[in-house]
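*Asks:* Quick note, the sequences are listed as chains A and B, same order. Going by numbering that gives the first Met the number 0, the residue at position 223 of the first sequence is 222; the numbering climbs one at a time, nothing skipped. Going by numbering that gives the first Met the number 0, the residue at position 20 of the second sequence is 19; the numbering climbs one at a time, nothing skipped. Note that CB positions come from ideal geometry on N, CA and C, so glycine has one too. Because the structure is a prediction, the values reported are computed rather than measured.
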Amino acid sequence: MDTVRADRWRGVVERAWRPAALLAACLAIWHLVTVTGLVEAYLVPSPAKTFGLLADKWSYLSGHTWVTTYETVLGFVIAGVLGVLVAVAMVYSRTIESTAYPILLFAQVIPKIAIAPLFVVWLGFGFEPKVIVAVLMAFFPVVISTVTGLKSVDTEMLELAATMGGGPVKTFVKIRFPAALPHLFAGLKVAVTLAVTGAVVGEFVGSNEGLGYVILQANGNMDTPMLFAGLIVVSLVGVLLFLLLDLAEKLVLPWHASRRGAAVTTLLAKGGS
Amino acid sequence: MSVTSGTTTSAVEISDVSVRFQSKRTEVTAIQQVSLDVAPGEFVSIVGPSGCGKSTLLKLVSGLLTPSSGSVSLLGEQVRGPRHDIGFVFQRAALLEWRSARRNILLQAEMRGMDSAEAGRRADELIEMTGLSGFESALPHELSGGMQQRVALCRALLHQPRVLLMDEPFGALDALTREQMNVELHRVWRETGTTVLLVTHSIAESVYLANRVVVLTRRPAVVQEVIEVGLPAERDYSTTMARPEFASAAAHIRDLLGAVTGHD
Ligand SMILES: Nc1ncnc2c1ncn2[C@@H]1O[C@H](COP(=O)(O)OP(=O)(O)O)[C@@H](O)[C@H]1O
Ligand SMILES: [Mg+2]
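1) Give me the subset of the region 156-178 of chain A whose CB atoms are less than 7 Å from a CB atom of chain B, sorted by chain position.
2) Here's a check: name, in chain order, each residue in its chain whose Cβ is nearer than 8 Å to the Cβ of S132/B, leaving out the five neighbours to either side.
3) List the residues of chain A that A93/B touches, going by C-beta distances under 9 Å, in chain order.
4) Which residues mark the beginning and the end of the alpha helix (DSSP H) in which I102/A is found?
5) Are the C-beta atoms of W57/A and some chain B residue less than 8 Å apart?
6) So is the beta-carbon of S237/B under 7 Å away from any non-hydrogen atom of ligand 1?
7) Since W254/A meets chain B, which of its residues come closer than 7 Å, beta carbon to beta carbon?
8) What does a CB cutoff of less than 7 Å around A194/A pick up in its chain, not counting 5 residues either side in sequence?
9) Measuring CB atoms only, is the region 200-208 of chain B touching the region 140-152 of chain B, in the sense that at least three cross pairs come out at less than 8 Å?
10) In the DSSP assignment, what residue or residues form a beta bridge with E224/B?
11) In chain order, what residues of the same chain lie with their CB nearer than 7 Å to the CB of K53/B, ignoring the 5 residues before and after it?
12) Is it buried or exposed, M225/A, if we count other Cβ atoms within 10 angstroms and call 16 or more buried?
13) For A124/B, is the beta carbon positioned less than 7 Å from some heavy atom of ligand 2?
14) Taking one C-beta from the region 147-159 of chain A and one from the region 224-244 of chain A each time, how about it: are there three or more such pairs within less than 8 Å?
15) Heavy atom of ligand 2 less than 7 Å from the Cβ of S17/B, yes or no?
16) Run through DSSP, which three-state label would G62/A get?
17) Name the DSSP beta bridge partners of D166/B, please?
18) M221/A: buried (16+ other C-beta within 10 angstroms of its C-beta) or exposed?
19) Is I85/B close to chain A, meaning its C-beta is less than 8 Å from at least one C-beta of that chain?
20) Look at the alpha carbon of L60/A and the alpha carbon of G209/A, and state the distance between them as a whole number of angstroms.
21) Could you pull out every unbroken alpha helix (DSSP H) segment of at least 4 residues lying fully inside the region 0-65 of chain A, listed in chain order?
22) To the nearest angstrom, how far is the alpha carbon of F203/A from that of H182/A?
23) Tell me whether A108/B is buried or exposed, calling it buried when 16 or more other Cβ atoms sit within 10 Å of its Cβ.
24) Looking at ligand 1, does it come within less than 7 Å of R161/B, judged from the CB to the closest heavy atom?
25) Could you pull out every residue in the same chain whose Cβ sits closer than 7 Å to the Cβ of Q90/B, ignoring the five residues on either side in sequence?
26) For the alpha helix (DSSP H) containing A194/A, list its first residue and its last residue.
27) Tell me the rounded alpha-carbon separation between R79/B and L95/B.
28) Would you list, in chain order, the members of the region 58-79 of chain B that have their beta-carbon closer than 9 Å to a beta-carbon of chain A?
29) Examine ligand 1 and report whether any of its heavy atoms sits within less than 7 Å of the Cβ of S49/B.
30) So is Q107/B in contact with chain A if we call contact Cβ pairs under 8 Å?
31) Return helix, strand or coil for V115/B, following the three-state DSSP convention.
32) Give me the chain A residues within the contact set of R111/B, using Cβ-Cβ distance strictly less than 9 Å, ordered along the chain.
33) Between P168/B and chain A, is any beta-carbon pair separated by less than 8 Å?
34) So, for T28/B: in the same chain, excluding its five sequence neighbours on each side, which residues have a beta-carbon less than 6 Å away from its beta-carbon?
35) Taking 7 Å as the cut-off, is the C-beta of S70/B nearer than that to any heavy atom in ligand 2?
So, in structure tokens, the structure goes:
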């Protein structure tokens with residue numbers, strides 16, 4: 000039992016030491032660049048100053064962090080549910096697929112930052128326009144990955160299902176949907192990181208709270224330590240949400256997790272394309 | 000199943016069936032006026048050059064495909080859509096990778112809404128019969144190709160279908176595993192009394208297992224000859240291989256297939 004635990008820890012260390020070393024190297028370079036005066040302090044604050052500020056102003060930052068997280072999660076959940084429903088409709092109906100595809104593509108290529116002001120005009124300074132931008136950002140990868148997943152089922156498996164006579168609902172529930180889950184999760188992981196961006200973009204355009212607001216304010220005041228602190232927190236929110244989904248995937252799809260490598264590879268493969 | 004006629008209904012009756020596939024520019028005739036009668040409990044092997052229409056023939060019987068002309072009856076009833084009273088085994092096991100071996104077998108029961116206790120008992124019986132004991136909870140990727148195909152066979156037999164369709168079920172297995180599977184399939188067939196239609200590329204397999212071997216021509220497939228295999232019902236593998244009836248049937252089929260492909 001003890002050796003199993005020791006082995007698990009060794010595994011964690013083996014996987015974590017390279018990224019940890021890289022992170023430490025980045026912090027060290029950041030530190031050196033600032034203490035040597037290579038870059039002026041008002042342009043790039045030192046890590047010590049940034050993290051000091053982060054700790055000092057945590058009560059201020061945490062409120063805004065919560066707002067952005069709320070907008071992100073709400074947008075992500077809406078995009079997830081809508082995305083899966085649209086994908087299912089597209090897979091089961093040629094007509095819907097050919098009708099919806101051009102609109103989807105159009106909605107995807109339209110720059111979100113350019114239409115965000117419109118939502119502010121329509122909906123005001125509340126959380127709604129941020130959620131909508133987050134939904135718009137996160138929706139597309141969910142649809143594409145779910146469609147791919149639902150179509151990835153062997154024709155032979157579907158033919159077998161037809162001879163078993165379970166009907167389309169049972170075929171979907173027992174065969175098609177579970178088979179699509181690995182693809183769906185890959186899409187969700189990309190989607191959640193995009194939802195963070197969406198929420199922040201929404202806050203940039205018109206807001207009096209949230210991390211996007213904090214960053215914009217800090218920018219206006221030339222308060223680079225606060226700007227850096229805001230950036231760090233926003234990134235951490237994204238990373239944390241991503242890791243939560245990764246954990247959910249491992250819990251929901253143990254059979255899949257056992258067959259593939261690191262989670263990050265799917266993110267890179269999806270996000271890079 | 001009329002009593003007055005005095006003859007028993009065929010398990011499978013294919014009469015004058017043709018299948019044409021329409022694609023954008025061309026029309027392919029896969030099967031041309033094929034007729035075949037299979038008696039209940041019979042084991043019929045189907046051999047022919049690849050791409051001649053063997054899979055198409057099985058899909059016709061299962062109702063996954065409708066013929067362009069002619070008719071197909073299964074257990075005395077004309078086939079009009081996918082039939083549920085058959086079992087189907089493909090070359091690829093087509094297992095759900097998130098389900099254990101046993102739960103893959105039970106998929107058949109869940110899809111049909113069979114009584115779960117009864118289905119569980121039946122699954123255990125089949126697991127025992129096919130030598131899968133001890134692998135019930137293994138996931139497909141943890142099983143060898145032969146084991147996976149055993150699972151697919153159990154799944155196809157769970158609902159006790161009166162007709163079992165097999166499309167090159169052992170084509171992806173190594174020679175030794177294939178022989179073992181042949182012996183097991185023969186035993187399963189004798190124990191269950193199921194009618195079997197087996198598509199295969201192996202002449203030895205086709206003769207060892209069958210009552211009759213149907214030899215098809217190149218596409219469009221026409222029945223070239225039906226060979227009665229005069230082997231006893233009880234077939235030990237090595238002694239069967241050594242019998243003169245086996246050798247002559249196999250040689251004859253090889254001649255027929257050679258004559259067909261020789262035109263290339
Ligand atoms: N759905 C289809 N559409 C068009 N052509 C098909 C289709 N299915 C099979 N064919 C063609 O019909 C012929 C017979 O196919 P098949 O029955 O799979 O052959 P076999 O199983 O004997 O190798 C092949 O030439 C194949 O290309
Ligand atoms: Mg075939």
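*Replies:* On the basis of the coordinates in this document:
1) M156, E158, L159, A160, A161, T162, M163, G164, G165, K169, K173, I174 and P177
2) I126
3) D153, E155, M156, E158 and L159
4) R93 to V108
5) no
6) no
7) E96, W97 and L138
8) T71, G74, F75, A78, A133, M136 and A137
9) no
10) V214/B
11) I45, G47, V198 and L215
12) buried
13) One point to set straight first is that residue 124/B is Glu, not Ala, in the sequence displayed. No, the beta carbon of E124/B sits no closer than 7 Å to any heavy atom of ligand 2.
14) no
15) no
16) helix
17) V198/B
18) exposed
19) yes
20) 9 Å
21) 1-34 and 46-55
22) 32 Å
23) buried
24) no
25) D166, E167, P168, G170 and A171
26) F176 to V204
27) 28 Å
28) K58, S61, G62 and L63
29) yes
30) yes
31) The identity of residue 115/B in the sequence shown is Ser, whereas the question assumes Val. Looking at S115/B - three-state DSSP - the assignment turns out to be helix.
32) M163, G164 and G165
33) no
34) R19 and P219
35) no
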